[in-house]
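Trainee:
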Amino acid sequence: MDAGGYDVIVVGAGNAALCSAITASQKGKKVLVLEKAPENQRGGNSKFTRNFRIAHGEGWNGFKQEYSRDEFLTDIKKVTRGESNSELTGYVVDHSSEAVDWASSHGVRWQKALKSTLHLDRTNLFILGGGKALLNTYFQYLGKYDNCRIVYDSELVRLNVENNTFQSLTARIQGHEVEIKGDSVILGSGGFESNLNILREAWGDAIDNFIIRGTSHNTGTPMMEMIRHGAASVGEKNDGHMVGVDARSPKYDGGIVTRVDSVIFSIVVNKFARRFFDEGYDIWPKRYAISGKLIAQQPDQIAFSIFDRKSWGLFMPPLYPPIVENSLEVMADKLGLNPDELRKTVSEYNAACPEISHFDFSNPDGNGTKNIDPAKSNWARRIDEPPFYAYPLRPGLTFTYFGLKVDNHSRVIDQAGKPFNNIWAAGEIMAGNILNGGYLGGLGMTIGTLFGINAGEEALS
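Once you know that position 168 of the sequence shown is 193 in the numbering used here, the rest is easy, because the numbers rise by one and skip nothing.
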């Protein structure tokens, strides 16, 4: 292993990291990419993605309708409650279409949204073959450059920083610790969502019932090393992009197929068969990342999405089949719920539903419940036609909002507000500057691409 002489060391090998590595390699710089995972698990959480969210005009890349800059900004402000960094948020929105142009110029291809991909056909451009195809395209592209080396099974152990300047890092490569020197370092290594010890500090023993949707390799060492060296942080450790996933999913690496999209068509009840949130307060891409956190706050972190025959087939089915029964009493028994309580909850909900002649889930329809708490603001339709369907739900953590503070040049900022001299960050490790709550489908890929490119360019200046 060459222990020195690198112009740029990139830690991580997901979308953001590869965008940085490609940008630096194209300039003829000597680049080292350190990927913690083995080659067959490479790519971090990016391999589970499928689209980019971009502002665009009518006709751009085949879109039939405009998704304006102002609407994009409004959507981000809504899900983050207006608390994101306005400068960095504006940068992402203003340059979002450039992320797609850059990806296209490096071999990524696109497809139209599938019919069952709820509410994204106007706002998001889908990757042909999904995130894994994008990553393979980028890895293949990097393979053309003799000045770029990718090393797998290489876990960062320490960052060596003096006077706000990166000197070297220590990595454990195939079981052996090696010190590697470089002129600059770019951290594209994701968050800490797979580090159960840190998660336990924030969530307590509830973490035992969490499911980590993404890679098991995002343990947060590069982030924590920078904080040890005085880097400023953003976000809270007990917050993150968390959705309702099938409780039968594996602990790690389940990806997008474990997500349950039936929520707006259903009622969601806890272990006591009681509803606990508004299942229909907004369309899916603007609110799906909230349900997971609400489930995490329920007893034993378990919930159940229950609906009837009318709603089956209206959403993209997850990996596991639903539980199907012809009576609610038998369903309750199958789910371990009190049958009387479930029947009471469904009866109260049905009595509060309005009479509706047309059911359209493409936009909030105003068909909300009356005189029930919690309300269901939209798409409130009786659950009264067997068979009945159910999915058991757990909190599915995708990534954490806690991360490193950066400026608009992707430079990591210290606690005094000063940028480190030669340390940059891109992707999930800094996404909390923009996404400090909630989520918009496809925004993570746009953030990672833009700040990955930016970090690669800035590291060469």
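Where a beta carbon is used, it is the ideal one built from N, C-alpha and C, also for glycine. Quantities reported herein were computed from a predicted structural model and do not represent experimental measurements.
Can you tell which of G452, Y426, R419 and K369 has its C-alpha closest to the C-alpha of F235?
Mentor: Among G452, Y426, R419 and K369, the Cα nearest to that of F235 is on R419.
Trainee: Alpha carbon to alpha carbon, how far is W135 from L150? Give it in angstroms, no decimals.
Mentor: If you take the alpha carbons of L150 and W135, they lie about 7 Å apart.
Trainee: Report the rounded CA-to-CA distance for T370 versus I397, giving the unit in angstroms.
Mentor: For T370 and I397, the distance between alpha carbons rounds to 10 Å.
Trainee: Based on DSSP bridge pairs, tell me the residues matched to C173.
Mentor: DSSP lists V56 as partners of C173.
Trainee: Can you tell me whether G407 is helix, strand or coil according to DSSP?
Mentor: According to the sequence provided, residue 407 is Arg. The question's Gly does not apply to it. Coil, per DSSP.
Trainee: Give every residue of the same chain whose Cβ lies closer than 7 Å to the Cβ of M455, excluding the five residues on either side of it in the sequence, and list them in chain order.
Mentor: Within the same chain, M455 has close Cβ partners G428, L429, V431 and F476.
Trainee: For L153, count the other beta carbons within 10 Å of its own beta carbon; 16 or more makes it buried, fewer makes it exposed. Which is it?
Mentor: Result: exposed.
Trainee: Throw me the rounded Cβ distance for the L339 and D271 pair, which I believe falls under 8 Å.
Mentor: In fact, because the Cβ distance is near 18 Å, the residues do not count as touching under 8 Å.
Trainee: Can you check which of these residues, D233, A321 and G216, is closest to S258 by C-alpha distance?
Mentor: The shortest Cα separation from S258 among D233, A321 and G216 belongs to G216.
Trainee: When you compare each of A376, A328, S336 and I381 to A357 by their alpha carbons, which one comes out closest?
Mentor: That would be A328, whose Cα lies nearest to the Cα of A357.
Trainee: Please look up how many angstroms separate the CB atoms of T471 and R94, rounded, as I've assumed it's under 8 Å.
Mentor: Between R94 and T471 the Cβ distance is about 13 Å, and since that is not below 8 Å, they are no contact.
Trainee: Nearest to S130 by CA position, among C44, K401, S291 and G280, is which residue?
Mentor: With distances taken between Cα atoms, S130 lies closest to C44.
Trainee: So if DSSP puts H135 in a beta bridge, which residue, or which two residues, is it bridged to?
Mentor: For clarity, residue 135 is Trp in the given sequence; the question names His instead. Answer is I152, bridged to W135.
Trainee: For chain B, find out if any of its Cβ atoms is closer than 8 Å to the Cβ of T240; answer yes or no.
Mentor: Absence of chain B from the displayed structure is noted, only one protein chain being present.
Trainee: Could you give the DSSP three-state label for G269: helix, strand or coil?
Mentor: In this structure, G269 counts as strand in the three-state DSSP scheme.
Trainee: When you compare only the Cα positions, how much space is there between V293 and N375?
Mentor: Roughly 14 Å separates the two Cα atoms.
Trainee: State the DSSP-derived secondary structure class of S435, mapped to helix, strand or coil.
Mentor: Here S435 sits in coil by DSSP.
Trainee: Quick check on R323: buried or exposed, where buried means 16 or more other Cβ atoms within 10 Å of its Cβ?
Mentor: The sequence given here places Gln at residue 323; Arg does not occur at that position. Its Cβ being crowded by 16 or more others within 10 Å, Q323 is buried.
Trainee: Answer yes if the stretch 187 to 204 comes into contact with the stretch 443 to 457, meaning at least three C-beta pairs across the two stretches below 8 Å, and no otherwise.
Mentor: Touching, yes.
Trainee: Among the candidates F302, A128, M251 and E218, whose CA atom is the shortest distance from the CA of N185?
Mentor: If we check each option's Cα against that of N185, M251 comes out closest.
Trainee: Is it right to say G467 is buried, meaning 16 or more other beta carbons lie within 10 angstroms of its own, or is it exposed?
Mentor: It counts as buried.
Trainee: Check whether the Cβ atoms of Q326 and A231 lie closer than 8 Å to each other.
Mentor: Closer than 8 Å, so yes.
Trainee: Please name the residue in P342, K401, F384 and A42 whose C-alpha comes closest to that of V282.
Mentor: Per the Cα distances, P342.
Trainee: Out of curiosity, what's the CA-to-CA distance linking F297 and K359?
Mentor: Cα to Cα, the separation comes out at about 14 Å.
Trainee: Give me, in chain order, the residues of the same chain whose beta-carbon lies closer than 6 Å to that of E453; leave out the 5 immediate sequence neighbours on both sides.
Mentor: Result list for E453: G215, G216 and F424, in chain order.
Trainee: Among T244, P275, S274 and H254, which has the Cα closest to the Cα of K262?
Mentor: Among T244, P275, S274 and H254, the Cα nearest to that of K262 belongs to T244.
Trainee: The beta strand (DSSP E) that contains Y488, what's its start and end?
Mentor: The question about residue 488 has no answer here: the residues shown for the chain are numbered 26 through 486.
Trainee: How many angstroms separate the CA atom of L212 from the CA atom of S316?
Mentor: The straight-line gap from Cα to Cα measures roughly 30 Å.
Trainee: Compute the minimum distance between the beta carbon of P412 and the heavy atoms of the ligand NAD, and state whether it is under 7 Å.
Mentor: The ligand NAD is absent from the structure shown, which contains no ligand whatsoever.
Trainee: Between which residues of its own chain and Y170 is the CB-CB distance below 8 Å, once the five residues before and five after are set aside?
Mentor: Excluding sequence neighbours, Y170 sits near S50, Q51 and V56.
Trainee: Just curious, the beta strand (DSSP E) that I223 is in, first and last residue?
Mentor: Counting along the chain, I223 falls outside any beta strand (DSSP E), though it belongs to the alpha helix (DSSP H) covering L221 to W228.
Trainee: Excluding sequence positions up to five away, which residues of its chain have a Cβ less than 7 Å from the Cβ of N461?
Mentor: Counting only Cβ-Cβ distances below 7 Å, and skipping sequence neighbours, we find T105, E108, S109, V259, G260 and Y426.
Trainee: Have a look at R300 and V125 and give me their C-alpha separation to the nearest angstrom.
Mentor: When rounded, the distance between both Cα atoms is 41 Å.
Trainee: Out of D146, E180, H201 and N65, point me to the one whose CA is closest to K89's CA.
Mentor: Among D146, E180, H201 and N65, the Cα nearest to that of K89 belongs to D146.
Trainee: Please name the residue, chosen from K102, D208, L159 and D119, that lies closest to V35 on a Cα-to-Cα basis.
Mentor: For V35, the nearest C-alpha among the options comes from D208.
Trainee: By the three-class DSSP mapping on this structure, what secondary structure does Y306 have?
Mentor: Correct three-state label for Y306: coil.
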